[in-house]
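Visitor: Here you go, one structure.
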Amino acid sequence: MEGQENHIRIHVIEDVGHVNGTSRQKVITKDPVARQHGATVSFHNIQYSVTIKSRSCKKKSVTKDILVDLNGIMKPGLNAILGPTGSGKSSFLDVLAARKDPSGLSGEVLIDGAPQPSNFKCLSGYVVQDDVVMGTLTVRENLCFSAALRLSSAIKQKEKEDRVNRLISELGLSKVADRRVGTQLIRGISGGERKRTSIGMEMIIDPSVLFLDEPTTGLDASTANSVLLLLKRMANNGHTIIMSIHQPRYSIYQLFDNLTLLVSGKQVYHGPAHNALDYFANIGYECETHNNPADFFLDVINGDSIAASMAKLQTAEAE
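Residue 1 is where the sequence shown starts when you use the UniProt record's numbering, and the numbers rise one by one after that.
Written as structure tokens, this is what we have:
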């Protein structure tokens with residue numbers, strides 16, 4: 001049947017003991033598509049600092065804190081890390097993804113309540129800010145290349161091709177599947193399609209967590225919105241999506257399930273995105289009805305919110 005033909009399985013070899021000195025093994029068939037729940041990522045007392053060497057021989061090296069005492073939990077869904085430039089968003093994302101140099105790093109990251117496995121980078125996906133795709137290859141060839149490198153040799157070639165075809169359909173890339181991605185000299189697909197291809201190259205392994213570093217950078221408003229809608233659909237299907245983002249428009253902000261606000265490496269807010277406005281209102285910062293919550297949060301963090309400015313003006317006038 002057609003549904004069975006597209007069924008994708010992963011074969012895992014498990015050691016079941018020894019008989020007469022001979023190792024016995026059995027093959028377990030696992031269906032990654034059936035796993036509709038991503039991992040839960042929790043972090044405790046995360047501190048990260050770097051040592052900056054002074055250019056002057058007389059001055060000693062200076063230690064700069066990049067992340068300061070971060071604690072929280074990110075469950076399956078769309079988790080956004082928001083903050084101004086230099087707030088530590090990308091560094092925090094790298095720490096959660098086990099991609100940071102352990103020197104200067106302390107604290108604990110747990111995956112489903114257990115210590116982060118040593119091969120977590122192989123089990124998770126990471127979409128960098130600048131798309132890493134081969135422009136001279138087609139969309140399909142890029143995905144097939146990723147599948148060949150990252151999927152087990154125990155998986156049959158037909159099953160790898162089926163997975164690529166399924167991803168192309170899910171990512172909305174069917175019309176451009178056999179077009180070259182493009183280079184500076186070769187006209188290719190659009191920026192949004194290029195970003196979706198990058199996401200597909202990481203989703204090929206059905207990762208427990210998908211990390212994205214500012215996925216909307218360089219995209220126009222409409223294209224950025226379509227990319228985030230794709231991520232939201234993935235989150236609704238049970239995937240754990242964790243991304244950093246600088247200043248999203250209102251339609252994008254509404255898609256967030258969980259929000260983490262950072263300023264100078266410190267955590268200002270961490271929790272459900274729909275509760276953030278109430279939190280700020282309770283501490284004296286009311287968001288104007290016409291204002292984008294993401295813009296409002298950044299203004300408050302930078303001390304430039306309209307409400308705060310008006311309060312200062314009223315205080316000055318009263319005096």
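Ideal placement from N, C-alpha and C gives every residue a C-beta, glycine not left out.
Going straight from the alpha carbon of L70 to that of T136, what length do you get?
Guide: 42 angstroms
Visitor: Can L151 and I205 be called in contact, C-beta distance under 8 angstroms?
Guide: yes
Visitor: Between which two residues does the alpha helix (DSSP H) holding G192 run?
Guide: Taken as a continuous stretch (DSSP letters only), the alpha helix (DSSP H) holding G192 covers G191 to M203.
Visitor: In whole angstroms, what separates the C-alpha of R163 from that of D65?
Guide: 43 angstroms
Visitor: With DSSP as the reference, label Q47 as helix, strand or coil.
Guide: DSSP places Q47 in strand when its eight states are reduced to three.
Visitor: Hey, S198 and V95: beta-carbon distance below 8 angstroms or not?
Guide: No. Outside cutoff.
Visitor: Determine whether the beta carbon atoms of V139 and I186 lie at a separation below 8 angstroms.
Guide: no
Visitor: State whether the segment 243 to 256 contacts the segment 74 to 88, with contact taken as three or more CB pairs (one from each stretch) at a distance under 8 angstroms.
Guide: yes
Visitor: Alpha carbons only, please: which of N45, F43 and K60 is nearest the one belonging to residue 330?
Guide: Not covered by the structure: residue 330. The range shown for the chain is 1 to 319.
Visitor: At the level of alpha carbons, what is the spacing between S251 and L143?
Guide: 30 angstroms
Visitor: The alpha helix (DSSP H) with K232 in it runs from where to where?
Guide: Where K232 is concerned, the enclosing alpha helix (DSSP H) stretches over A221 to N236.
Visitor: Could you pull the DSSP bridge partners for H270 from this structure?
Guide: T260
Visitor: Quick test of your reading: L219 and R196, contact by CB under 8 angstroms. State the CB separation rounded to the nearest angstrom.
Guide: About 11 angstroms; that fails the 8 angstroms criterion.
Visitor: In terms of residues, what are the limits of the alpha helix (DSSP H) holding E161?
Guide: Unbroken alpha helix (DSSP H) run through E161: Q157 to E170.
Visitor: Distance check for I73 and L210, CA to CA, integer angstroms please.
Guide: 15 angstroms
Visitor: Return the first residue and the last residue of the beta strand (DSSP E) that I283 is part of.
Guide: Counting along the chain, I283 falls outside any beta strand (DSSP E), and DSSP gives it neither H nor E.
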